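J.: The following block contains the structure, expressed as structure tokens.
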Amino acid sequence: MVKIEIVADVKQKMKEDNKHVADILKGKKKINEAEKTIVISPEIFSKIFSPQKINLLLEIKHSEPKNIYQIAKELGRSYEAVYRDIKLLEGFGILRVSTEERKKYPSMQPVKIPIFA
């Protein structure tokens, strides 16, 4: 699971996280669950989750498995633009891409955004 945490002050969050890690290493705290956490500012969040990328994620989540070409055609976007967005989202762990017979099929990974929960 990928957890996306949106914070106003990324530097302050880093300080808090460093203290948390130090406490874990000293044995003062225990790790409950392993998950990938991405900490970003609201400005970066709006760039990562542009309307085009949200439409892309919705198409992947709510349709039968499609390859990147089929998704691009469905969304009326170029293959290159959709491929670039998929690689970015894959890099954040939001999507996983599998290859079958030279075709790439993206799929959603579980994502949790606590600020909206």
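Letter 26 of the sequence shown, counting from 1, is numbered 26 in the numbering used here, and no numbers are missing.
Cβ atoms here follow ideal geometry from the backbone N, Cα and C, with glycine treated the same way.
These figures come from a predicted structure and were not determined experimentally.
Please list, in chain order, all residues of the same chain as Ala72 whose beta carbon is under 6 angstroms from its beta carbon, the five residues on each side excluded.
T.: Sequence index remark: in the sequence shown, residue 72 carries index 72 (1-based). Contacts found: Tyr79 and Val82.
J.: Ordered along the chain, which non-local residues of its own chain (more than five positions away) have a Cβ less than 7 angstroms from that of Lys103?
T.: For the purposes of this step, residue 103 is taken as the residue at position 103 of the sequence shown. Around Lys103: Asn67.
J.: At what residues does the alpha helix (DSSP H) containing Ser46 begin and finish?
T.: Sequence index remark: in the sequence shown, residue 46 carries index 46 (1-based). Here the alpha helix (DSSP H) through Ser46 covers Pro42 to Ile48.
J.: Ile86 by DSSP, collapsed to three states: which one?
T.: Counting from 1 along the sequence shown, the entry for residue 86 is found at position 86. The answer is helix: DSSP assigns Ile86 an H, G or I state.
J.: Give the DSSP-derived three-state secondary structure of Pro65 in the structure shown.
T.: For the purposes of this step, residue 65 is taken as residue 65 along the sequence shown, with counting starting at 1. If DSSP states are grouped into helix, strand and coil, Pro65 belongs with coil.
J.: When the Cα atoms are used, what is the spatial distance from Gln109 to Gly27?
T.: Taking the first residue of the sequence shown as position 1, residue 109 is located at position 109. Taking the first residue of the sequence shown as position 1, residue 27 is located at position 27. Whole-angstrom Cα-Cα distance: 31 angstroms.
J.: How many whole angstroms separate the CB atoms of Asp17 and Lys53, which I take to be in contact at a CB cut-off of 8 angstroms?
T.: As a first step, residue 17 must be located in the sequence shown, where it is residue number 17. As a first step, residue 53 must be located in the sequence shown, where it is residue number 53. With a Cβ gap of about 26 angstroms, Asp17 and Lys53 do not count as contacting.
J.: Classify Lys106: buried if its beta carbon has 16 or more other beta carbons within 10 angstroms, exposed otherwise.
T.: Sequence index remark: in the sequence shown, residue 106 carries index 106 (1-based). Per the sequence shown, residue 106 should be read as Pro rather than Lys. So Pro106 counts as buried.
J.: For Lys47, which residues from the same chain have a beta carbon less than 8 angstroms from its beta carbon, with the 5 sequence-adjacent residues on both sides left out?
T.: Taking the first residue of the sequence shown as 1, we reach residue 47 at position 47. Once the five neighbours on either side are set aside, Lys47 has no close Cβ partner at all.
J.: Are the beta-carbon atoms of Ser50 and Val10 separated by less than 9 angstroms?
T.: As a position in the sequence shown, residue 50 is number 50, starting the count at 1. As a position in the sequence shown, residue 10 is number 10, starting the count at 1. Going by C-beta atoms, Ser50 is not nearer than 9 angstroms to Val10.
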